[in-house]
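Student:
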Amino acid sequence: MNQSMALLKEEFMQEGILMCFNGPFSHEIIEELGSAIKKHLASEQLAHAALMDLFAIFIEQTQNVRNYTMQIPVYNQEPAKLQSAIVLIGKQGNKYWVHSGNYIANEDLPSLTARLDQLNSLGKDELRRLYKTQLRQEMPPTSTGAGLGLIDMARRMSEPFAYTSERIDDNYSFFSVRVIV
Amino acid sequence: MDPIILQATKSTPAVHFDAQSSILKISGESYPENALAFYTPLKQWIQQFLGELQGSTVLQLHLTYLNTSSTRFMLMLLDQFEDAFKAGKSVEVCWYYHPDDDRSYEAGDEFREDLTVPFEILATTEPLGEEDR
Numbered sequence: 004m005n006q007s008m009a010l011l012k013e014e015f016m017q018e019g020i021l022m023c024f025n026g027p028f029s030h031e032i033i034e035e036l037g038s039a040i041k042k043h044l045a046s047e048q049l050a051h052a053a054l055m056d057l058f059a060i061f062i063e064q065t066q067n068v069r070n071y072t073m074q075i076p077v078y079n080q081e082p083a084k085l086q087s088a089i090v091l092i093g094k095q096g097n098k099y100w101v102h103s104g105n106y107i108a109n110e111d112l113p114s115l116t117a118r119l120d121q122l123n124s125l126g127k128d129e130l131r132r133l134y135k136t137q138l139r140q141e142m143p144p145t146s147t148g149a150g151l152g153l154i155d156m157a158r159r160m161s162e163p164f165a166y167t168s169e170r171i172d173d174n175y176s177f178f179s180v181r182v183i184v
Numbered sequence: 041m042d043p044i045i046l047q048a049t050k051s052t053p054a055v056h057f058d059a060q061s062s063i064l065k066i067s068g069e070s071y072p073e074n075a076l077a078f079y080t081p082l083k084q085w086i087q088q089f090l091g092e093l094q095g096s097t098v099l100q101l102h103l104t105y106l107n108t109s110s111t112r113f114m115l116m117l118l119d120q121f122e123d124a125f126k127a128g129k130s131v132e133v134c135w136y137y138h139p140d141d142d143r144s145y146e147a148g149d150e151f152r153e154d155l156t157v158p159f160e161i162l163a164t165t166e167p168l169g170e171e172d173r
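Structure below.
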């Protein structure tokens, strides 16, 4: 175990990973990690706006994952497994990023990736207009509010959403997205 | 009307709504697990308060972070002040931000853009919720 821990740490160092949480995202975990981000980065030479962008991206991303995994369709896998997700916070060069991964039902994948592609294609002014329009729209009762959260992240990020999905079986994939401040 | 006095938590702002002294203040960070549950009582209180308002009042906001669902609900509260203003009531909004906090200024400015109610944005170095009025 000691050997593999050293390897894991080495890998984290190489990837620039500063923080990691693996498991179900409770609201308390989101709060604690959010505080940890602010405390950890307060000691770094980081503009306040960049720190708040990182914090905001972390909050929207983890709350999106939590809201989705709390109501993920349950087919052939255990709910406990489906609700377990992962989030990494790291630094690449002088840019910080948040990278989350979670299970997703295959039928939900096309609409999510289409949305991310659409947001990736928009400039900051278009994103601002879209945000304002969406903010004024009534939310359908079943909505988790994820739409607005993705636009907010897109407005704050400096590079396009980088996402991947790995098919697990006929029902599920594992989806991950990295957002760079 | 009973006041609403709430201490801030990590993910919910401090609230000080007191009809008698006509103080309405929200300060801190807002990203609650359930924004609907947090903001609904505030909306109901404001509705009654503005309905009964005879004099003038200022909604004081000093919010360093609002997640997107909190932003929706904040807009709902601001719309109540907008409606009261359009109905001829003497109401205004004051948005405080720390001079180093560009994002908080921008959030206030985006709210202000879509409203006609008097909406002041003021830099302050006072701690959260301790602005002098």
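Protein chains in written order, with this note's numbering: chain A, 4 to 184; chain B, 41 to 173.
Glycine is no exception: its CB is placed at the ideal position from the N, C-alpha and C atoms.
Name, going along the chain, the residues of the stretch 60 to 75 of chain B whose beta-carbon falls closer than 7 Å to a beta-carbon of chain A.
Tutor: Hits within the stretch, in order: 71, 73.
Student: Check the Cβ-Cβ distances between residue 108(B) and every residue of chain A, and say whether any is below 8 Å.
Tutor: Closer than 8 Å: yes.
Student: Tell me which residues share the same chain as residue 18(A) and place their Cβ nearer than 7 Å to its Cβ, disregarding the 5 neighbours each side in the sequence.
Tutor: Cβ within range, chain order: 93.
Student: Ends of the beta strand (DSSP E) at residue 156(B)?
Tutor: Residue 156(B) -> no beta strand (DSSP E), and no H or E assigned at all.
Student: In its own chain, which residues sit with a C-beta less than 7 Å from the C-beta of residue 157(B), not counting the 5 before and 5 after it?
Tutor: The answer, listed in chain order, is 121, 122, 125, 131, 132, 133.
Student: Please report the distance separating the alpha-carbon of residue 113(B) from that of residue 76(B).
Tutor: Roughly 8 Å between the two C-alpha positions.
Student: Is the beta carbon of residue 131(A) closer than 8 Å to that of residue 60(A)?
Tutor: The answer is no: Cβ separation not under 8 Å.
Student: Going by CA-CA distance only, name the one from 160(B), 41(B), 144(B), 154(B) that's closest to residue 87(B).
Tutor: Checked all of 160(B), 41(B), 144(B), 154(B); the closest Cα to residue 87(B) is 41(B).
Student: Taking buried to mean at least 16 other C-beta atoms within 10 Å of its own C-beta, is residue 65(B) buried or exposed?
Tutor: Classification for residue 65(B): buried.
Student: Which chain B residues sit within Cβ distance under 9 Å of residue 155(A)?
Tutor: Those are 107, 108, 111, listed as they occur along chain B.
Student: By how many angstroms is the C-alpha of residue 110(B) removed from the C-alpha of residue 71(B)?
Tutor: Using only the alpha carbons, I get a separation of about 6 Å.
Student: Which residues of chain A have a Cβ atom closer than 7 Å to the Cβ of residue 50(B), listed in chain order?
Tutor: Within 7 Å Cβ-Cβ: 34, 38.
Student: Indicate whether residue 109(A) and residue 72(A) have their beta-carbon atoms separated by less than 8 Å.
Tutor: No.
Student: Residue 136(B) to residue 80(A), Cα distance in whole Å?
Tutor: If I take the Cα positions, the gap works out to 49 Å.
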